[in-house]
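**Student:**
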Amino acid sequence: MDKYIIDGGRRLFGNVKVQSAKNSVLPLFAASVLTDKQVTIRETPAIADVFCMAQILRELGAEVSFRGGDVVIDSSDAHSHIISSVLTKELRSSVFMLGSLLSRFGRAVIAYPGGCDIGLRPIDLHLNALKRLGVKISERDGYIYCECEKPTGAEIVLDFPSVGATENIMLAGVKAEGRTVLQGAAKEPEIVDLQNFLNGMGAKVFGAGTDVIEIEGVSSLGGTIYTPVKDRIEAGTFLIACALCGGEVEIEGVTAENLGMLLHKLRENGCKIHTKNDKIRLSSYGRLKCNRRIETMPFPGFPTDLQAQITALNTVCEGGALIVENLFETRFKYVPELQRMGADIEVRGRNAFVRGVNGLHGATVTAGDLRGGAALVIAALGAEGISEVLDLSHIDRGYSAFEDKLRSLGAEIKRVRI
Ligand code: EPZ
Numbered sequence: 004m005d006k007y008i009i010d011g012g013r014r015l016f017g018n019v020k021v022q023s024a025k026n027s028v029l030p031l032f033a034a035s036v037l038t039d040k041q042v043t044i045r046e047t048p049a050i051a052d053v054f055c056m057a058q059i060l061r062e063l064g065a066e067v068s069f070r071g072g073d074v075v076i077d078s079s080d081a082h083s084h085i086i087s088s089v090l091t092k093e094l095r096s097s098v099f100m101l102g103s104l105l106s107r108f109g110r111a112v113i114a115y116p117g118g119c120d121i122g123l124r125p126i127d128l129h130l131n132a133l134k135r136l137g138v139k140i141s142e143r144d145g146y147i148y149c150e151c152e153k154p155t156g157a158e159i160v161l162d163f164p165s166v167g168a169t170e171n172i173m174l175a176g177v178k179a180e181g182r183t184v185l186q187g188a189a190k191e192p193e194i195v196d197l198q199n200f201l202n203g204m205g206a207k208v209f210g211a212g213t214d215v216i217e218i219e220g221v222s223s224l225g226g227t228i229y230t231p232v233k234d235r236i237e238a239g240t241f242l243i244a245c246a247l248c249g250g251e252v253e254i255e256g257v258t259a260e261n262l263g264m265l266l267h268k269l270r271e272n273g274c275k276i277h278t279k280n281d282k283i284r285l286s287s288y289g290r291l292k293c294n295r296r297i298e299t300m301p302f303p304g305f306p307t308d309l310q311a312q313i314t315a316l317n318t319v320c321e322g323g324a325l326i327v328e329n330l331f332e333t334r335f336k337y338v339p340e341l342q343r344m345g346a347d348i349e350v351r352g353r354n355a356f357v358r359g360v361n362g363l364h365g366a367t368v369t370a371g372d373l374r375g376g377a378a379l380v381i382a383a384l385g386a387e388g389i390s391e392v393l394d395l396s397h398i399d400r401g402y403s404a405f406e407d408k409l410r411s412l413g414a415e416i417k418r419v420r421i
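Here it is as structure tokens:
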């Protein structure tokens, strides 16, 4: 198990090239099973979730080869439709494999993904939508059995704009008989990326990015070569790190509109932000002000995946902030670790009340989930003195070369094996 040793209190200066979006690459891997032709996904980040997804495809019989930054997937020999419990536990979001396995094989078996560190993560919206497409679903001994010779297009309404359920419906609908109209779809940029990828394979998907997605089923799909959208959450993580530490950082690869509410909130803190095409420059000098109120919402609202990071920022701003986590039940587990560094935060259910302090001090803290871990690193970078962040396995799931990128900005951070 690795840890970071961070000597905080340094300002950050420089440029960061952002990786391809983890939350786009994962559904693109799933979509590659829809065809028996070769698919190439360019500039794929070297992160644990991608390696896990590659393992899932290999267990189905697909060939997955990493060639420099690209990944070439050939699922012509894929023969299995079963995803083991080990891999589903490791990567809960693999539940969108149901849609692509049903489209390819007419059946799918997956272990019930169950909850995780940030919440219960139910999949009722996924399963109800698949039933609308004619899929027969039964659950036995912790596994979900799905059968459907050929999904039939249908009108589907999502009660909540679930990202994963939207992706599952797109993957199940692209080769369905007839037309599917999804109302209440998630509007995240990664959904638009999946539409572009599928249409590059010959699918007919329209409307991604809005809350109505239409899919005309086609009989077969071809191969494609595709460069995914860049990771807006990684970009946001670096912008917030610079806001907290002070300095000037430019992010390349992500547009202001894909960062949604974040830039508005960072300006509210007192950061200066200039954007031009896919370049965002942030400068932060002097003490910032608390945000007063932040509510996480589906896109284009404030992203839940940046909630921990902006909470860490608010702990050292002037005044107070109420952070409301509307998407996941237990996404404040990182707070006790911030308290060890001197943060003044009180958590009540889905609300965190932050009272800004003049500064944090170094401490030994433990990451418990991906984005909470990133928040602890940000806090340690801004804290006075030495911190250790233990259990980097969570951070390694979603951030490639995290310490290298931070060091290139002037951070004193090193990875140590223990
Ligand atoms: C995706 O998860 C992301 N993961 C998450 O990023 C992100 O936090 C989340 O969307 C919200 O933006 C990937 O894309 C791989 P949801 P997903 O279905 O699809 C409830 C990260 O850190 N819900 O939009 O699982 C659910 O409980 C990860 O990169 C149901 O009730 O999210 C939650 O409260 C963490 N029933 C809310 O919807 C369902 O059937 C949002 O879930 C499905 C979801």
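Read left to right, the sequence shown gives residues 4 to 421 (the working numbering).
Don't be surprised by glycine CBs; every beta carbon is placed ideally from N, CA and C.
In this text the structure is predicted, and so the values were computed from the model without any measurement.
1. Compare the Cα-Cα distances from V195 to each of Q58, G289, L316 and G210 and report the closest residue.
2. What residue range is occupied by the uninterrupted alpha helix (DSSP H) comprising A81?
3. Which residues in the same chain have their Cβ closer than 7 Å to the Cβ of L201, if we skip the five residues on either side of it in sequence?
4. Roughly how many whole angstroms lie between the Cα atoms of A246 and I159?
5. With H, G and I counted as helix, E and B as strand and the rest as coil, what does DSSP make of H277?
6. Could you tell me whether the stretch 286–296 touches the stretch 51–65, where touching means 3 or more Cβ pairs closer than 8 Å?
7. Taking 8 Å as the threshold, find out whether the stretch 322–332 comes into contact with the stretch 267–287 through three or more Cβ pairs.
8. Compute the beta-carbon to beta-carbon distance between V252 and L242, rounded to the nearest angstrom, for a pair I have assumed lies under 8 Å.
9. Sort A259, V215, L136 and S222 by Cα distance to I236 and report the nearest one.
10. Evaluate L123 with the Cβ neighbour count: other Cβ atoms within 10 Å of its Cβ, from every protein chain shown; 16 or more gives buried, anything less gives exposed.
11. The ligand EPZ and H397: does any heavy atom of the ligand fall closer than 7 Å to the residue's C-beta?
12. DSSP has I113 in a bridge; who is on the other side?
13. To the nearest whole angstrom, what separates the beta carbons of I8 and I389, a pair I think is in contact under 8 Å?
14. Taking 8 Å as the cut-off, decide whether the C-beta atoms of V360 and T318 are in contact.
15. Spatial neighbours of V257 within its chain, please: C-beta separation below 7 Å, excluding the five flanking residues on both sides.
16. Output the residue ranges of the alpha helix (DSSP H) runs that lie fully inside the stretch 187–238 and measure 4 residues or longer, sorted by chain position.
17. Output needed for D399: all residues of its chain with C-beta closer than 6 Å, excluding positions within five of it in sequence on either side, in chain order.
18. State the DSSP-derived secondary structure class of S286, mapped to helix, strand or coil.
19. E150 to R358, Cα distance in whole Å?
20. Could you check whether L15 and V36 sit closer than 8 Å to each other, using their CB atoms as the reference points?
21. Would the beta-carbon of Y402 fall within 8 Å of that of G375?
22. Looking only at C-alpha atoms, which of L266, Y115, I59 and G102 sits nearest to A132?
23. Should V215 go down as buried or exposed, given a rule of 16 or more other Cβ atoms within 10 Å for buried?
24. Taking 7 Å as the cut-off, is the beta-carbon of R374 closer than that to any non-hydrogen atom of the ligand EPZ?
25. Check whether the stretch 136–146 and the stretch 69–78 touch, using three or more Cβ-Cβ pairs below 8 Å as the test.
26. So what does DSSP say about H397, is it helix, strand or coil?
27. Could you check if N26 belongs to the surroundings of the ligand EPZ, using beta carbon to heavy atom distance under 7 Å?
28. Under a three-way DSSP split, which group does N354 fall into?
29. Could you work out which residue in I140, I59, N294 and G220 is closest to Q312 when comparing CA atoms only?
30. Is the beta carbon of A114 sitting closer than 8 Å to the one on S96?
31. For a quick check, are the C-beta atoms of I421 and K6 less than 8 Å apart?
32. Please report the residue range of the beta strand (DSSP E) in which V327 lies.
33. Going by the C-beta, is A2 closer than 7 Å to any heavy atom of the ligand EPZ?
34. Please return the same chain residues whose Cβ sits closer than 8 Å to the Cβ of L384, not counting the five positions on each side in sequence.
35. Which residues in the same chain have their Cβ closer than 7 Å to the Cβ of I1, if we skip the five residues on either side of it in sequence?
36. So what does H364 bridge to, in DSSP terms?
**Tutor:** Taking the coordinates as given:
1. As a working mapping, residue 195 is identified with position 192 in the sequence shown. Nearest C-alpha to V195: G210.
2. Your numbering for residue 81 matches position 78 in the sequence shown. A81 -> no alpha helix (DSSP H), and no H or E assigned at all.
3. One-based indexing of the sequence shown puts residue 201 at position 198. The residues A34, M173, V177 and V208, in chain order, have a CB closer than 7 Å to that of L201 in the same chain once the five nearest residues on each side in sequence are set aside.
4. Counted from its first residue, the sequence shown places residue 246 at position 243. Counted from its first residue, the sequence shown places residue 159 at position 156. Taking the straight line from one Cα to the other gives about 42 Å.
5. Here residue 277 corresponds to residue number 274 of the sequence shown, with the count starting at 1. H277 falls in the strand class under three-state DSSP.
6. No, the stretch 286–296 is not in contact with the stretch 51–65.
7. No, because fewer than three Cβ pairs between the stretch 322–332 and the stretch 267–287 fall closer than 8 Å, the two stretches do not touch.
8. Here residue 252 is taken as the residue at index 249 of the sequence shown, counted from 1. Here residue 242 is taken as the residue at index 239 of the sequence shown, counted from 1. Taking C-beta atoms under 8 Å as the contact rule, V252 and L242 qualify, at a distance of about 7 Å.
9. For this step, residue 236 is matched to residue 233 along the sequence shown. Nearest option by C-alpha distance: A259.
10. Here residue 123 corresponds to residue number 120 of the sequence shown, with the count starting at 1. So L123 ends up on the exposed side.
11. Numbered from its first residue, the sequence shown carries residue 397 at position 394. No - the ligand EPZ has no heavy atom lying nearer than 7 Å to the Cβ of H397.
12. On the sequence shown, position 110 is the one that residue 113 refers to. For I113, which the question treats as bridged, DSSP gives the partners I86 and I147.
13. On the sequence shown, residue 8 is found 5 positions in, with the first residue counted as 1. On the sequence shown, residue 389 is found 386 positions in, with the first residue counted as 1. Their Cβ separation, rounded to whole angstroms, is 7 Å, which keeps I8 and I389 in contact under 8 Å.
14. For this step, residue 360 is matched to residue 357 along the sequence shown. For this step, residue 318 is matched to residue 315 along the sequence shown. It is a contact, given that the beta carbons lie within the stated cut-off.
15. Within the sequence shown, residue 257 is the residue found at index 254, counting from 1. The residues are V21, K233, R235, A238, D281 and I283.
16. If only uninterrupted alpha helix (DSSP H) runs of at least 4 residues are considered, those enclosed by the stretch 187–238 are 192–203.
17. On the sequence shown, position 396 is the one that residue 399 refers to. The beta carbon of D399 sits closer than 6 Å to those of A51, all from its chain and outside the five residues before and after it, given in chain order.
18. Against the sequence shown, residue 286 aligns to sequence position 283. Strand.
19. Within the sequence shown, the letter at position 147 stands for residue 150. Within the sequence shown, the letter at position 355 stands for residue 358. Taking the Cα positions, E150 is about 53 Å away from R358.
20. Residue 36 sits at position 33 when you count from the first residue of the sequence shown. Residue 15 sits at position 12 when you count from the first residue of the sequence shown. Contact: no.
21. Residue 402 sits at position 399 when you count from the first residue of the sequence shown. Residue 375 sits at position 372 when you count from the first residue of the sequence shown. Contact flag unset, no.
22. By 1-based counting over the sequence shown, the position of residue 132 is 129. With distances taken between CA atoms, A132 lies nearest to G102 out of L266, Y115, I59 and G102.
23. The sequence position of residue 215 within the sequence shown is 212, counting from 1. By the neighbour-count rule (16 or more Cβ atoms within 10 Å), V215 is not buried but exposed.
24. Numbered from 1 along the sequence shown, position 371 holds the residue referred to as residue 374. Indeed, a heavy atom of the ligand EPZ lies less than 7 Å from the Cβ.
25. With a cut-off of 8 Å on Cβ pairs, the stretch 136–146 is not in contact with the stretch 69–78, counting fewer than three such pairs.
26. Start at 1 with the first residue of the sequence shown, and residue 397 comes out as number 394. H397 falls in the coil class under three-state DSSP.
27. Reading the sequence shown from its first residue, position 23 is the one you call residue 26. The nearest non-hydrogen atom of the ligand EPZ is less than 7 Å from the C-beta of N26.
28. Taking the first residue of the sequence shown as position 1, residue 354 is located at position 351. N354 falls in the strand class under three-state DSSP.
29. Locating residue 312 in the sequence shown gives position 309, counting from the first residue. For Q312, the nearest C-alpha among the options comes from N294.
30. Within the sequence shown, residue 114 is the residue found at index 111, counting from 1. Within the sequence shown, residue 96 is the residue found at index 93, counting from 1. With respect to the 8 Å criterion, A114 and S96 are not classified as neighbours on the basis of their beta carbons.
31. Indexing the sequence shown from 1 puts residue 421 at position 418. Indexing the sequence shown from 1 puts residue 6 at position 3. Cβ distance < 8 Å, so I421 and K6 count as in contact.
32. Residue 327 sits at position 324 when you count from the first residue of the sequence shown. DSSP places V327 inside the beta strand (DSSP E), whose first and last residues are G323 to V327.
33. No information on residue 2 is available, as it lies outside the stretch 4 to 421 that the chain covers here.
34. Position 381 of the sequence shown, counted from the first residue, corresponds to residue 384. Once the five neighbours on either side are set aside, the close Cβ partners of L384 are I9, G11, R13, L15, A244, L247, C248, L409, A414 and I416.
35. A query on residue 1 cannot be resolved here, the shown segment of the chain reaching from 4 to 421 and no further.
36. The residue you call residue 364 lines up with position 361 of the sequence shown. E387.
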